[in-house]
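These protein sequences, in sequence, are chains A and B. Using my numbering, the first residue of the first sequence is number 1, and each one after it goes up by one. Using my numbering, the first residue of the second sequence is number 1001, and each one after it goes up by one. Structure first, then comments.
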Amino acid sequence: MEKELRDQAAKLLEEGTVDYIVGFASGTLKHTTTPLITGDKDETSSLVINPFISNNLATYALEISGRLGIVAKGCDSRSIVSLIQDKQITRQDIVILGIPCSGLIDLKKVEKLAGKERDEIDEVVVVADKVVITVGSEKQEVPAAAVLFDHCIGCELQIPQEYDFLIQGPAVEIRNSEASREKIKELKQMSPDQRWSYWKQQFNRCIRCYACRQVCPACFCERCFVEESQPRWVSPVSQWQDNLIFQAIRAIHVAGRCTDCGECERVCPVDIPLRSLSKEMYDLVGEMFNYKSGMNAGAPPLMTAYELTEVESLIR
Amino acid sequence: MITKKVSKKDIRKLLGTWNQECNVIVPSRVDGVVGMAAWDNQDISFLDWYRNTVIPPKSCFLPKSEVMMSFKKNENGYNLEVPTNEHWQVIFGVRPCDARANAIIDHVFAVTYDDYYYISKRRNTLLVGLSCTNPYDSCFCTSSNIDPTESEYVDLMFTDIGDDFVIEDFTGGGKALLNMSNTLKKVTKADIDKIKEVKAASVSKIKKTVDTENADRKLGSLFNDTDYWERISAKCISCGICTFLCPTCFCFDINDEMIRKQGARYRGWDSCSFRSYTRMPMENPREEKWRRVRQRVCHKFEFFPMNLGINACVGCGRCIRSCPVNWDITQVIAGLPAEAGIKSGK
Ligand code: SF4
Ligand code: SF4
Ligand code: SF4
Ligand code: SF4
């Protein structure tokens, strides 16, 4: 897959079809990758495809001007489509280099299973539907589903359907929607009081770094409510109440746009289970409006399109 | 000076003795996130798992948010109340990088300016350092001339030599802490040999290195190279992680909260990475992302050395470990183009 991707990316730059390629390169730390944004065709030789390519590169489509060739997993391709639907980017400016995906590895799950931290783990290798974790001379083989991200297990589009080039490769069936909603199910079993104190505890440690918002391609507002001061919707002071309101409003604002890429939860430096909010919104949108974000570039966006025949007089 | 040692099994007793006189703060997992938090007078399991905190110890003096004063309306105006801080605390387990970082922040809040809120916590604090024996792959303290087993910025320094910790004391406060305890033992000649061994081994475990020599001058000559900074900053997403978690970053923001005629003035962390930085009083002079990234790099490696003769990066590696896009400051420093006329290295 990598060779095909590199060749295609180099070709796009060479022909001048795109100004930049946005893809993944190996990271500077073990088991990590890093976004590679380059206009230099020689650098395309460092493009990689592996189970650690976590970033949703659609985010960069919002800020880099020029024509982009973006490497996109299923969820990323949906975010790109969603941005096209919302008229944040134009289809013609983007060349989608789709890649099939068998799920990404959640290092936190690996760390837990291995009882070691990321840098103490020597190897994490995917072999079909198994993952082999090596620490020193000890090897541990676990089902892939045990170490893939929750959102990957719930993935509804392992192979992008909107693309300009589709890199050929396997996409091992990984779907287990039940397991992907495990945390949400636990939350739903709590009493409202228990749930309230659960979230209070979670948001107590939010440091308001806004990484969750910054990585999110659905968070494309030029001005975010959280920083508005006239009027001030949320206090900038990090207190659990305001941290919670920030996230609750964010979850509502991305409803119908969120593609369950899981990035917000992955990047949170204090491990707040943000996907429990965004995924619940995602499923509610599915149930209530029979709508899946980013599946059809031609479809009107859920939240911002309206018709003169709408039932609600408010928007008519 | 190395004088005493304490057996590992006596650590609970030692901390317990201190905890009777002051608040003992230790590395703790609070809801899964490692930071410095009040000791429960019992649990010392951190000795087995603790490598470094996610939330840096600066938060003991400059918390993510704190009350500067509370106010309440009365007939004549407002009642103001300013929090005081009289209790003593001992922070146990400070790593050498973070100890240096505290000293760097001291310059800002306690040397060039007397910041009441910072000083009121800092002056009542004794720092007990703990040598690193299991650094992360992202630690590069040795490149900032820090030895992971030594610190001149703590009151006491503990080094693990197997069954015991060897203790070095540096200050009167440190000596006072030692005098409070009767669980300490004398160090032997063999211990001294062992500590040398341990220290050498720890240093050799730091694998990430970067040549920071002349970084300030190189950055100075690159300052106006927009293309360079645009390239370097491209993948950064302008979040607050690297600055909030950096033990030497100290930007803050002040906000008043008032509901029904009473409220408080808060101070909390702010970040030069944010696009909204300083937008409240005016505009952000660093509207473009590359200017913000340049600020972070230059503040650490050019402005601080220029003003205080010391790099404001201690090589703790937090910003690399936690960055959502693996933006690695060592890569940037290593990749600085050599400036004509600067001879490299010693
Ligand atoms: S990433 Fe986590 S800590 Fe940062 S603002 Fe979002 S919820 Fe808070
Ligand atoms: S809300 Fe989270 S899961 Fe949804 S698109 Fe944004 S980053 Fe991805
Ligand atoms: S360097 Fe990384 S942690 Fe820092 S602002 Fe950029 S994306 Fe966030
Ligand atoms: S810049 Fe990074 S490595 Fe340096 S002190 Fe700050 S967080 Fe640590």
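Cβ coordinates follow ideal geometry from the N, Cα and C atoms, glycine included.
Strictly under 8 Å for the Cβ-Cβ distance: is Val1361/B near chain A by that measure?
What the structure shows of chain B is the stretch from 1001 to 1346, and residue 1361/B is not part of that stretch, so it cannot be assessed.
Lys30/A CB to nearest chain B CB: under 8 Å?
The residue you call residue 30/A lines up with position 30 of the first sequence. Yes - at least one Cβ of chain B is within 8 Å of the one on Lys30/A.
When you compare the CB of Ala1340/B with every CB in chain A, is at least one pair closer than 8 Å?
Here residue 1340/B corresponds to residue number 340 of the second sequence, with the count starting at 1. Confidence is the limiting factor: at Ala1340/B the pLDDT is only 49, short of 50, which leaves the residue's position unreliable and the question unanswerable from this model.
Where DSSP assigns a beta bridge to Ile94/A, which residues make up the other side?
Stepping through the first sequence from its first residue, residue 94/A is reached at position 94. Answer by DSSP bridge pairing, in chain order: Leu68/A.
Cβ of Gly1317/B within 7 Å of any heavy atom in ligand 4?
Within the second sequence, the letter at position 317 stands for residue 1317/B. Yes, the Cβ of Gly1317/B comes within 7 Å of a heavy atom of ligand 4.
Check each residue of the segment 1262-1281 of chain B: if its Cβ is closer than 8 Å to any Cβ of chain A, include it; give the result in chain order.
Residues Tyr1266, Gly1268, Trp1269, Ser1271, Phe1274, Ser1276, Arg1279 and Met1280.
Within this structure, are the beta carbons of Thr1003/B and Asp1169/B separated by less than 8 Å?
By one-based count along the second sequence, residue 1003/B stands at place 3. By one-based count along the second sequence, residue 1169/B stands at place 169. Yes, they are a contact pair.
What is the DSSP secondary structure of Ala1234/B, counted as helix, strand or coil?
Your numbering for residue 1234/B matches position 234 in the second sequence. Three-state result, Ala1234/B: coil.
Name the residues in the segment 263-293 of chain A whose C-beta lies less than 7 Å from a C-beta of chain B; which are they?
Val267, Pro269, Val270 and Asp271
Cα-Cα separation, Ala1201/B to Thr1142/B
Translated into the one-based positions of the second sequence, residue 1201/B becomes position 201. Translated into the one-based positions of the second sequence, residue 1142/B becomes position 142. Looking at the two C-alpha atoms, the distance is approximately 13 Å.
Of all Cβ atoms in chain A, is any one closer than 8 Å to the Cβ of Asn1255/B?
As a working mapping, residue 1255/B is identified with position 255 in the second sequence. At least one chain A Cβ lies under 8 Å of Asn1255/B.
With the cut-off set at 8 Å, would you say Ser317/A and Ala72/A are in Cβ contact?
Coverage of chain A is limited to positions 1 through 316, which leaves residue 317/A absent and any answer about it impossible.
Rounded to the nearest angstrom, what separates Pro35/A and Asp1270/B at their Cα positions?
Here residue 35/A refers to the residue found at position 35 of the first sequence. Here residue 1270/B refers to the residue found at position 270 of the second sequence. When rounded, the distance between both Cα atoms is 26 Å.
With DSSP as the reference, label Thr17/A as helix, strand or coil.
Along the first sequence, one-based indexing puts residue 17/A at 17. In the three-state scheme derived from DSSP, where H, G and I count as helix and E and B as strand, Thr17/A is classed as coil.
Strictly below 7 Å CB to CB, what residues from chain E border Asp1031/B?
Going by chain labels, chain E is absent from the structure shown, which instead holds the protein chains A and B.
Cβ shell of Pro143/A (< 7 Å), same chain only, five flanking positions each side left out
One-based indexing of the first sequence puts residue 143/A at position 143. Correct list, in chain order: Asp129 and Lys130.
Under 8 Å, Cβ to Cβ, is there at least one residue of chain B near Glu297/A?
Here residue 297/A refers to the residue found at position 297 of the first sequence. Residue identity differs from the one stated: residue 297/A is Ala in this sequence, not Glu. False, the Cβ-Cβ gap to chain B never drops below 8 Å.
Within the present structure, is the beta-carbon of Lys1350/B separated from the nearest heavy atom of ligand 4 by less than 7 Å?
Past the boundaries of the shown model lies residue 1350/B; chain B is included only from 1001 to 1346, so the question cannot be answered.
At a Cβ threshold of 8 Å, is Asp1328/B touching chain A?
Walking along the second sequence from the start, residue 1328/B turns up at place 328. Yes - at least one Cβ of chain A is within 8 Å of the one on Asp1328/B.
Determine, using beta carbons only, whether Cys75/A comes closer than 8 Å to chain B.
In the first sequence, the residue the question calls residue 75/A occupies position 75. Not closer than 8 Å to any Cβ of chain B, the Cβ of Cys75/A fails to qualify, so no.
Pull up the distance between the alpha-carbon of Pro236/A and that of Glu1152/B, whole angstroms please.
On the first sequence, residue 236/A is found 236 positions in, with the first residue counted as 1. On the second sequence, residue 1152/B is found 152 positions in, with the first residue counted as 1. Looking at the two C-alpha atoms, the distance is approximately 37 Å.
Does any CB atom of chain A fall closer than 8 Å to the CB of Gly1345/B?
Mapped onto the second sequence, residue 1345/B falls at position 345. Note on Gly1345/B: pLDDT 40, under 50, position unreliable in the model; no value is reported.
Any Cβ of chain B within less than 8 Å of the Cβ of Cys219/A?
By one-based count along the first sequence, residue 219/A stands at place 219. Chain B, which has no Cβ nearer than 8 Å to the Cβ of Cys219/A, makes this no.
Roughly how far, in whole angstroms, is the beta-carbon of Ile1104/B from the beta-carbon of Ala1110/B, given that I think they are within contact range, below 8 Å?
If you number the second sequence from 1, residue 1104/B lands on position 104. If you number the second sequence from 1, residue 1110/B lands on position 110. The pair is not a contact, with the Cβ atoms about 11 Å apart (cut-off 8 Å).
Give the secondary structure of Ser1059/B by DSSP, where H, G and I count as helix, E and B as strand, and everything else as coil.
For the purposes of this step, residue 1059/B is taken as the residue at position 59 of the second sequence. The answer is helix: DSSP assigns Ser1059/B an H, G or I state.
Measure the alpha-carbon distance for Lys1346/B versus Ala1215/B and round it to whole angstroms.
Translated into the one-based positions of the second sequence, residue 1346/B becomes position 346. Translated into the one-based positions of the second sequence, residue 1215/B becomes position 215. Unreliable placement is indicated for Lys1346/B, whose pLDDT of 35 sits below 50; the coordinate value is still reported in the next sentence. The straight-line gap from Cα to Cα measures roughly 14 Å.
Determine the direct distance from the alpha carbon of Ser1273/B to that of Ile1237/B, and round the result to whole angstroms.
Indexing the second sequence from 1 puts residue 1237/B at position 237. Indexing the second sequence from 1 puts residue 1273/B at position 273. Distance between the alpha carbons of Ile1237/B and Ser1273/B is about 9 Å.
Local Cβ density within 10 Å of Gly1032/B, reported as buried at 16 or more and exposed below that
Within the second sequence, the letter at position 32 stands for residue 1032/B. Result: exposed.
Does Asn56/A pass the burial test, meaning 16 or more other C-beta atoms within 10 Å, or should it be called exposed?
Walking along the first sequence from the start, residue 56/A turns up at place 56. Label assigned to Asn56/A: buried.
Could you check whether the Cβ of Val1128/B sits closer than 8 Å to any Cβ belonging to chain A?
In the second sequence, residue 1128/B corresponds to position 128, counting from 1. Not closer than 8 Å to any Cβ of chain A, the Cβ of Val1128/B fails to qualify, so no.
Between Val1203/B and chain A, is the shortest Cβ-Cβ distance under 8 Å, so that the two count as touching?
The residue labelled residue 1203/B in the question sits at position 203 within the second sequence. No, no contact with chain A.
Which one of Asn1023/B, Met1068/B, Arg1051/B and Cys1246/B has the shortest CA to CA distance from Gly1263/B?
Position 263 of the second sequence, counted from the start, is the residue given in the question as residue 1263/B. Closest by alpha carbon: Met1068/B.
Once you ignore the five residues that flank Gln239/A on each side, which residues in its own chain have a CB closer than 6 Å to its CB?
The count along the first sequence starts at 1 and reaches residue 239/A at position 239. Contacts found: none.
Taking 7 Å as the cut-off, is the CB of Leu1219/B close to at least one heavy atom of ligand 4?
Taking the second sequence and counting its residues from 1, the one referred to as residue 1219/B is at position 219. Leu1219/B Cβ: outside cutoff for every heavy atom of ligand 4.
If contacts are defined as beta-carbon pairs under 8 Å, then Trp37/A and Ile99/A qualify, I think. What distance do you get, rounded to the angstrom?
As a first step, residue 37/A must be located in the first sequence, where it is residue number 37. As a first step, residue 99/A must be located in the first sequence, where it is residue number 99. It is Ile, not Trp, that sits at residue 37/A in the sequence shown. At roughly 17 Å, the Cβ-Cβ gap does not stay under 8 Å, so Ile37/A and Ile99/A are not in contact.
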